Structures are given as C-alpha cells and as structure tokens.
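Asks: Structure below; questions to follow.
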Amino acid sequence: MEDSVQEINSVNTRGKRPSHAGKLCFRDAQARYIRETFWAGLYEEVENLTFLLDKATSGNRLHDTTPLFAHTQQSLDFSMYATSRKGSDFLIDHFLSNIDPFIRLFHKPRFRLDLDQFYRQEVSFVSQRGDFETLLFSIFAFSVHSLHEEDTIAYFGETKDVMVGRFIVATQKGLEKINILSTHSLTALTAFALHITLLSEIDSSDLEWTSLSGLSLSIATRLGLHKDGEQFTLSPYAVEIRRRLWHHLCLINVRALQIHGIEPFPVSAFVDGATKLPQNSPDNAWDACEFSRKLPVAVSGWTEMVPALLSFELSTLTRAIFEMGIPEHGSESMYLTKCDQMLLDAKTRIGVYYSQNFLDEPIHKIMKDLIVLNLQNLWFIARQHLLKHRTWATRELHEELFRKALHISEITRSLKKVYAGQHWDWVFHSFYETTKWYFASTMLIYLRNHTEQEDPEVQRAWTQVKIIFNQQKDGQGALWKPLLALKREAELRRDEVTGEHRNGDGPWQAPLLTIQGADPMFAQWGVPGLPLSPDSDILGKFYNPVLGEYGQSG
Numbered sequence: 098m099e100d101s102v103q104e105i106n107s108v109n110t111r112g113k114r115p116s117h118a119g120k121l122c123f124r125d126a127q128a129r130y131i132r133e134t135f136w137a138g139l140y141e142e143v144e145n146l147t148f149l150l151d152k153a154t155s156g157n158r159l160h161d162t163t164p165l166f167a168h169t170q171q172s173l174d175f176s177m178y179a180t181s182r183k184g185s186d187f188l189i190d191h192f193l194s195n196i197d198p199f200i201r202l203f204h205k206p207r208f209r210l211d212l213d214q215f216y217r218q219e220v221s222f223v224s225q226r227g228d229f230e231t232l233l234f235s236i237f238a239f240s241v242h243s244l245h246e247e248d249t250i251a252y253f254g255e256t257k258d259v260m261v262g263r264f265i266v267a268t269q270k271g272l273e274k275i276n277i278l279s280t281h282s283l284t285a286l287t288a289f290a291l292h293i294t295l296l297s298e299i300d301s302s303d304l305e306w307t308s309l310s311g312l313s314l315s316i317a318t319r320l321g322l323h324k325d326g327e328q329f330t331l332s333p334y335a336v337e338i339r340r341r342l343w344h345h346l347c348l349i350n351v352r353a354l355q356i357h358g359i360e361p362f363p364v365s366a367f368v369d370g371a372t373k374l375p376q377n378s379p380d381n382a383w384d385a386c387e388f389s390r391k392l393p394v395a396v397s398g399w400t401e402m403v404p405a406l407l408s409f410e411l412s413t414l415t416r417a418i419f420e421m422g423i424p425e426h427g428s429e430s431m432y433l434t435k436c437d438q439m440l441l442d443a444k445t446r447i448g449v450y451y452s453q454n455f456l457d458e459p460i461h462k463i464m465k466d467l468i469v470l471n472l473q474n475l476w477f478i479a480r481q482h483l484l485k486h487r488t489w490a491t492r493e494l495h496e497e498l499f500r501k502a503l504h505i506s507e508i509t510r511s512l513k514k515v516y517a518g519q520h521w522d523w524v525f526h527s528f529y530e531t532t533k534w535y536f537a538s539t540m541l542i543y544l545r546n547h548t549e550q551e552d553p554e555v556q557r558a559w560t561q562v563k564i565i566f567n568q569q570k571d572g573q574g575a576l577w578k579p580l581l582a583l584k585r586e587a588e589l590r591r592d593e594v595t596g597e598h599r600n601g602d603g604p605w606q607a608p609l610l611t612i613q614g615a616d617p618m619f620a621q622w623g624v625p626g627l628p629l630s631p632d633s634d635i636l637g638k639f640y641n642p643v644l645g646e647y648g649q650s651g
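Residues in the sequence shown are numbered consecutively from 98, following my numbering.
So this is what it looks like as structure tokens:
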C-alpha cells in the first residue's frame with residue numbers, strides 16, 4: 098500500500114506539479130473557479146462559460162440562502178437608511194480625504210465614475226447596483242466613525258453612535274441582500290472588507306469580526322485573489338485592485354492574530370504565483386479600462402500608495418514575530434537577536450526611504466509616527482514572550498516592559514490629539530485598540546506589586562488604566578474578563594496600603610498632560626506651537642539601534 102501511494106505521488110511530482118484546483122473565470126470585476134474536468138466535454142455545446150458569473154435568481158433556488166446576519170428577508174428595506182445627496186457627498190468626500198490615504202482599496206477616478214452611474218441609475222449599471230449600494234453604506238459607516246461627536250451633531254443633527262449603528266445595519270442588510278457568501282464580485286468583497294475593518298475598529302475585543310475575517314479570505318481565495326493577476330489575461334488595473342484587496346484582508350487577519358491569538362489564514366501555503374504587493378503608483382497613472390494594457394511605471398518616491406505599502410510591510414513583520422512564538426529554553430538569546438535584527442532591518446529600510454525623499458507634509462509625519470509606534474510595540478511583544486520563562490522573568494524585565502507599555506500608551510493618546518484636527522485620530526485609535534490589551538495587562542501586573550502612591554509612574558499608570566476601562570461596554574468579552582480580575586486585585590492591594598477606598602480621584606488620577614518626564618521628546622507633541630511630530634531625525638533619536646529604549650535624558 099505504501100509503495101503504491103509513493104508511486105502515485107511520484108507521478109504527480111514529475112515535472113511541474115499539477116494543480117487540483119479548477120480554472121479561474123473572469124468577467125469585469127467578477128471571478129470564480131470552474132472545474133475543467135467537468136466543463137471540458139461541454140466546450141462545443143457551451144462556448145461561453147461566463148454565464149457562470151451571473152447571479153442566481155430567487156426563482157431558481159430550491160431553498161433560501163443562509164443568512165449571514167440576523168435579518169429576515171422581509172426586513173431588507175433600505176429606505177430608512179437613505180441619506181440626502183448632500184449628506185452622501187459629504188461622507189464620501191470625507192472618506193476619500195481622511196480614510197482612503199490609509200486604506201487603499203479604491204481607484205478613485207473609477208470609483209467616481211461608478212458613483213456617477215449609480216446616481217444616474219444607468220441601465221448598464223443595474224447588475225452592479227446592489228454591490229455598489231452596499232459599498233456606499235460601508236463607506237458611510239466608516240466615514241461617520243472617523244468623525245467627531247460634534248461633527249455629526251452639527252452636520253446631521255444626530256449622535257455619532259446612532260449614525261454608525263444605522264449604517265452598520267444597512268451594510269449588513271446589503272451584504273445579505275447581495276448574498277456575500279456566494280458573490281463573485283470584487284465590489285461586494287470590498288464592502289465586506291470595509292465592514293470587517295470597521296467592526297475591529299469599534300470593538301476589537303469582540304470575536305465577530307475575527308470570524309468574518311477568516312470568511313472574507315475564504316471568499317477571496319474562491320475568487321482567486323490569492324493568485325497574482327499577472328498569471329491571467331487581466332488588465333494591469335484589474336491586477337492592481339485585486340492585489341490591494343487581498344493584502345488588506347491579510348492585514349486584518351494578522352490583527353486577529355495579534356489581539357486574540359487566532360491562527361492566521363495559511364497564506365504561506367500560496368507559494369506558487371502568490372499575489373504580489375500593490376504597485377507604488379498613483380491612481381491617476383492607472384487606466385481603469387478593462388481593455389487597456391497600459392502598465393504605469395512604478396515610482397520610487399512618495400505616492401498615495403506608500404502608507405498602505407508601509408502598513409502591509411509592518412503587518413508582515415508583525416505576523417513573522419508572532420508566528421515565532423515563545424522560544425524554547427536555551428534559545429532565548431538567539432530569539433531576541435533574530436527579532437531585533439528583523440526590526441532593525443525594517444527600521445533601516447524605512448529610514449533610508451525617508452532620508453532619500455524630502456517628506457515634510459502631515460501625511461508623511463503621521464506615517465513616521467505610526468512606524469515608530471508599531472516598531473516599539475513589536476519590540477515590547479518580543480520581550481513579553483520571555484515572561485513565560487522563569488529565568489528571564491526578572492524584576493528588571495517586568496519594570497522595563499511596564500515603562501514601555503506606559504510610554505507607548507501615553508504617546509499614542511497624545512498623538513491622537515495632535516492629529517484630531519485632520520480627522521486622522523482614528524488611525525491612532527486603531528493602533529490603540531490593537532495594543533491596549535497588552536499594555537493594560539502589563540501595567541496592572543506591575544501595579545499589583547507596586548503601591549507607592551507618591552511614585553509618578555504609578556500615578557500615570559493608574560490614569561492610563563482608568564482611560565482603558567472607561568472604554569469597556571459590558572466587560573463580558575474574553576479580553577475584558579482577565580483584565581477586570583487583574584484590576585480588582587491591584588485595587589485591593591492599593592487600598593490595603595492607602596487604608597481607604599478611592600474612586601479614581603486624588604493622587605491616583607494623574608493629569609494627562611503632566612507626563613513630560615516620560616520622554617524628552619514627548620512634550621513636543623502636546624504643544625500647539627511645535628511641529629505635528631518629532632524632528633526629522635526621529636528614526637535615529639527616538640529609539641536605539643536595537644529599538645530597545647526611548648531616548649531618555651541624562
């Protein structure tokens with residue numbers, strides 16, 4: 098039996114190993130697999146197989162489709178979610194100005210063209226209306242999420258939470274209406290991707306978005322997004338859009354790994370013809386016509402794609418460090434050396450890029466700040482893994498991680514205020530939602546054993562803990578429960594020392610702005626008269642060559 102199996106395997110491995118998957122069939126922005134062995138005998142009778150991409154009508158179904166969200170078909174009425182043309186234009190413009198720079202899923206000229214056809218209700222656009230309407234609802238929801246409370250009240254006369262909730266429900270109903278589980282449409286999958294991203298932004302402790310993330314990648318592989326479009330007779334524009342969508346879905350999947358420890362989608366299995374990164378070219382360089390074969394020249398300097406490309410690189414780095422896991426006993430030093438080298442290589446590549454290009458606009462500065470925060474966080478994560486080893490879990494390491502967690506938490510909240518004027522504070526909220534769990538647990542473990550009420554670091558840490566717990570909704574999430582237990586224990590030990598129960602006021606409530614001692618560069622970020630971010634040499638000054646310490650004075 099074993100010899101027979103080996104013989105079969107040897108036949109399959111001679112020359113180029115054949116694929117067991119079907120062939121990808123494309124039409125416009127749609128794709129699906131077809132089984133060659135079945136359709137091969139029908140080519141003479143059925144010359145054009147693109148009808149397989151047509152949407153199934155309800156009359157052809159023997160049973161109702163399985164609803165992904167908790168809505169009945171009778172409730173799929175979108176009239177109550179409609180917004181005025183003026184309101185729609187405002188939210189779309191806000192999205193393209195303040196969210197699209199960081200989440201690059203669209204080709205803006207083509208999107209504007211599709212939007213015009215949607216508003217004019219052109220007959221040629223009828224088959225895409227449902228997909229595009231759902232995409233608009235997802236855009237509206239994300240756009241409102243990035244606004245401030247006073248903005249939504251001033252422009253729409255409603256609170257932010259009410260508007261976000263309404264558009265989320267509209268998106269969910271739209272996804273159900275277009276049957277996202279069996280879609281062939283990239284537009285529909287893009288709407289789904291935005292919806293999942295928003296859910297993770299609103300409450301990263303919830304598990305729903307992590308399940309939807311895995312589902313979205315399964316749908317993407319069904320559409321062949323895991324295979325680079327250059328292998329097929331697709332236009333360069335179509336190849337580019339598929340790359341953007343695939344890598345964004347992978348990025349969200351890594352976020353699920355980072356927050357919940359969920360095993361990531363096995364993208365490493367797609368080695369042959371794997372989807373490449375998007376090209377560093379501006380939108381106006383691409384010809385969105387499906388018949389165009391014009392491939393724009395890749396740019397070495399800054400384009401509107403750079404923030405997304407940097408995010409993809411950081412996401413890949415994050416995945417690599419998390420997948421290394423906890424080192425075995427005896428290999429800790431080698432593990433740290435490898436992690437630090439990976440971080441140093443990333444810092445060097447990005448630092449060289451910034452030094453070769455004069456980058457002094459707000460978008461350049463915010464990306465620089467995000468890079469610093471992400472690299473610092475990965476340095477923190479790499480060393481936190483060592484706490485599992487008793488010989489490495491020294492008091493010095495605990496103190497070092499505590500200070501790092503405190504500093505990054507404070508800096509993130511400060512940067513959030515700095516960029517609020519551009520409505521880019523949601524970017525730091527996103528980073529905070531991803532990392533606050535690690536920082537909160539580290540600070541609480543330290544506070545459980547350090548109750549010195551006159552210690553400024555202890556006071557600042559309690560301030561950050563209070564800020565984090567003020568964000569909890571019900572405390573029932575899997576991430577909140579252990580933190581609540583840690584918090585109660587730390588509070589009990591604190592109260593035993595102070596001899597009284599405090600409600601968060603007094604010396605335990607440190608002013609948010611009295612934190613200049615945390616970092617000599619930190620004070621710059623809260624002063625209106627100073628630049629939006631630290632000076633241009635931040636990549637050299639902000640942390641040492643192994644990304645270990647903030648630059649401390651004296």
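For glycine and all other residues, C-beta sits at the position ideal for the given N, C-alpha and C. Remember, it's a predicted structure, so these values are computed and weren't measured experimentally.
For my contact list, S315 and I293 are in at a C-beta cut-off of 8 Å; report their separation, rounded to the angstrom.
Replies: The residue you call residue 315 lines up with position 218 of the sequence shown. The residue you call residue 293 lines up with position 196 of the sequence shown. That belief does not hold up - the Cβ atoms of S315 and I293 are roughly 13 Å apart, past 8 Å.
Asks: Using CA coordinates, which residue listed in I564, D197 and W559 is at the minimum distance from H345?
Replies: Position 248 of the sequence shown, counting from 1, holds the residue named residue 345. Of the listed residues, the one whose Cα sits closest to H345 is D197.
Asks: Tell me where the alpha helix (DSSP H) around T307 begins and ends.
Replies: Counting from 1 along the sequence shown, the entry for residue 307 is found at position 210. First-last of the alpha helix (DSSP H) with T307: E305 to R319.
Asks: Mind checking Q171: buried by the 16 CB within 10 Å criterion, or exposed?
Replies: On the sequence shown, position 74 is the one that residue 171 refers to. Low confidence applies to Q171: its pLDDT is 46, below 50, so where it sits in the model is not reliable enough to give any reading.
Asks: For the pair the segment 224-238 and the segment 181-196, tell me if three or more CB-CB distances fall below 8 Å.
Replies: Because the criterion of three Cβ pairs below 8 Å is met, the segment 224-238 and the segment 181-196 touch.
Asks: Cβ of I423 within 7 Å of Cβ of A479?
Replies: Numbered from its first residue, the sequence shown carries residue 423 at position 326. Numbered from its first residue, the sequence shown carries residue 479 at position 382. No, the pair does not count as a contact, with Cβ atoms beyond the cut-off.
Asks: Does the structure place the segment 373-388 close enough to the segment 323-338 that three or more beta carbon pairs sit under 8 Å?
Replies: Contact between the segment 323-338 and the segment 373-388 is present, because at least three Cβ pairs lie under 8 Å.
Asks: Give the DSSP-derived three-state secondary structure of K373 in the structure shown.
Replies: The residue given as residue 373 occupies position 276 in the sequence shown. DSSP places K373 in coil when its eight states are reduced to three.
Asks: At the level of alpha carbons, what is the spacing between I508 and A558?
Replies: As a first step, residue 508 is located in the sequence shown; it is residue number 411 there, counting from the start. As a first step, residue 558 is located in the sequence shown; it is residue number 461 there, counting from the start. Spanning the two alpha carbons is a distance of roughly 13 Å.
Asks: Pick from D552, F566, L544 and T491: whose alpha carbon is nearest that of E588?
Replies: Numbered from 1 along the sequence shown, position 491 holds the residue referred to as residue 588. Nearest of D552, F566, L544 and T491 to E588, Cα basis: L544.
Asks: In the DSSP assignment, the alpha helix (DSSP H) including I565 goes from what residue to what residue?
Replies: Looking up residue 565 in the sequence shown gives position 468. I565 -> alpha helix (DSSP H) spans P553 to F566.
Asks: If I measure Cβ to Cβ from N377 and keep anything under 8 Å in the same chain, skipping five residues before and after, which residues do I get?
Replies: In the sequence shown, counting from the first residue as 1, residue 377 sits at position 280. Hits under 8 Å: A395, V396, S397, T400, M402, V403 and L406.
Asks: Can you name the start and end residues of the alpha helix (DSSP H) that N454 belongs to?
Replies: Here residue 454 corresponds to residue number 357 of the sequence shown, with the count starting at 1. Note, N454: premise wrong, no alpha helix (DSSP H); not H, not E.
Asks: What would DSSP say about S511, mapped onto helix, strand or coil?
Replies: Position 414 of the sequence shown, counted from the first residue, corresponds to residue 511. If DSSP states are grouped into helix, strand and coil, S511 belongs with the helices.
Asks: What number of angstroms, rounded off, separates the C-alpha of P579 from the C-alpha of N471?
Replies: Counting from one through the sequence shown, the residue named residue 579 turns up at place 482. Counting from one through the sequence shown, the residue named residue 471 turns up at place 374. Each residue's alpha carbon lies about 25 Å from the other.
Asks: Have a look at the DSSP bridge pairing and note the partners of K462.
Replies: Looking up residue 462 in the sequence shown gives position 365. Answer by DSSP bridge pairing: none, since K462 is not bridged.
Asks: Pull the bridge partners of K270 from the DSSP assignment, please.
Replies: For the purposes of this step, residue 270 is identified with residue 173 of the sequence shown, where counting begins at 1. Per DSSP, none; premise fails for K270.
Asks: Which ranges would you report for the alpha helix (DSSP H) in the segment 486-530 if only whole runs of at least 4 residues count?
Replies: Qualifying alpha helix (DSSP H) stretches, in chain order: 492-515.
Asks: Within 10 angstroms of the Cβ of G596, are there 16 or more other Cβ atoms? Answer buried if so, exposed if not.
Replies: Here the question's residue 596 lines up with position 499 in the sequence shown. When all chains shown are included, G596 counts as exposed.
Asks: Please go through the same chain and pick out, in chain order, the residues whose beta-carbon is closer than 7 Å to the beta-carbon of N454, but skip the five residues on each side of it.
Replies: Translated into the one-based positions of the sequence shown, residue 454 becomes position 357. Hits under 7 Å: G398 and W399.
Asks: Can you find at least 3 beta carbon pairs, one from the segment 514-527 and one from the segment 455-466, that sit closer than 8 Å?
Replies: Result yes; three or more Cβ-Cβ pairs closer than 8 Å.
Asks: Hey, is the segment 252-263 in contact with the segment 282-292, meaning 3+ C-beta pairs nearer than 8 Å?
Replies: Short answer: they don't touch.
Asks: Decide yes or no for the touch test of the segment 535-555 against the segment 489-502: beta carbon pairs closer than 8 Å, at least 3 of them.
Replies: Enough Cβ pairs lie closer than 8 Å, so yes.
Asks: Does the Cβ of N381 have 16 or more other Cβ atoms within 10 Å, making it buried, or fewer, making it exposed?
Replies: Position 284 of the sequence shown, counted from the start, is the residue given in the question as residue 381. So N381 ends up on the exposed side.
Asks: Compare the Cα-Cα distances from S313 to each of E298, C436 and T280 and report the closest residue.
Replies: To locate residue 313, count along the sequence shown from 1; it is residue 216. Taking only the C-alpha atoms, the option nearest S313 is T280.
Asks: Mind checking who K533 pairs with in its DSSP beta bridge?
Replies: As a position in the sequence shown, residue 533 is number 436, starting the count at 1. BP columns for K533 are empty, so no partner.
Asks: Under 7 Å between the Cβ atoms of K501 and L541?
Replies: Walking along the sequence shown from the start, residue 501 turns up at place 404. Walking along the sequence shown from the start, residue 541 turns up at place 444. For K501 and L541, no; Cβs fall outside 7 Å.
Asks: Measure the beta-carbon distance from Y535 to Q481 and round it to whole angstroms, keeping in mind my assumption that it falls under 8 Å.
Replies: Translated into positions along the sequence shown, residue 535 becomes position 438. Translated into positions along the sequence shown, residue 481 becomes position 384. That pair is a contact at about 7 Å.
Asks: Using the Cα positions of D213 and F222, report the straight-line distance between them to the nearest angstrom.
Replies: By 1-based counting over the sequence shown, the position of residue 213 is 116. By 1-based counting over the sequence shown, the position of residue 222 is 125. Cα-Cα distance, rounded: 10 Å.
Asks: Three-state secondary structure (DSSP) at K578?
Replies: As a working mapping, residue 578 is identified with position 481 in the sequence shown. Helix at K578.
Asks: Enumerate in chain order the residues of its own chain whose CB-to-CB distance from L503 is below 8 Å, with the five nearest sequence positions on each side excluded.
Replies: Against the sequence shown, residue 503 aligns to sequence position 406. Counting only Cβ-Cβ distances below 8 Å, and skipping sequence neighbours, we find F536, M540, E554, R557, A558, Q561 and A615.
Asks: To which residues of the same chain is H242 closer than 8 Å at the C-beta, ignoring the five residues directly before and after it?
Replies: Within the sequence shown, numbered from 1, the residue matching residue 242 stands at position 145. Same-chain partners within the cutoff: K257, V261, L295, E298, I299 and W523.
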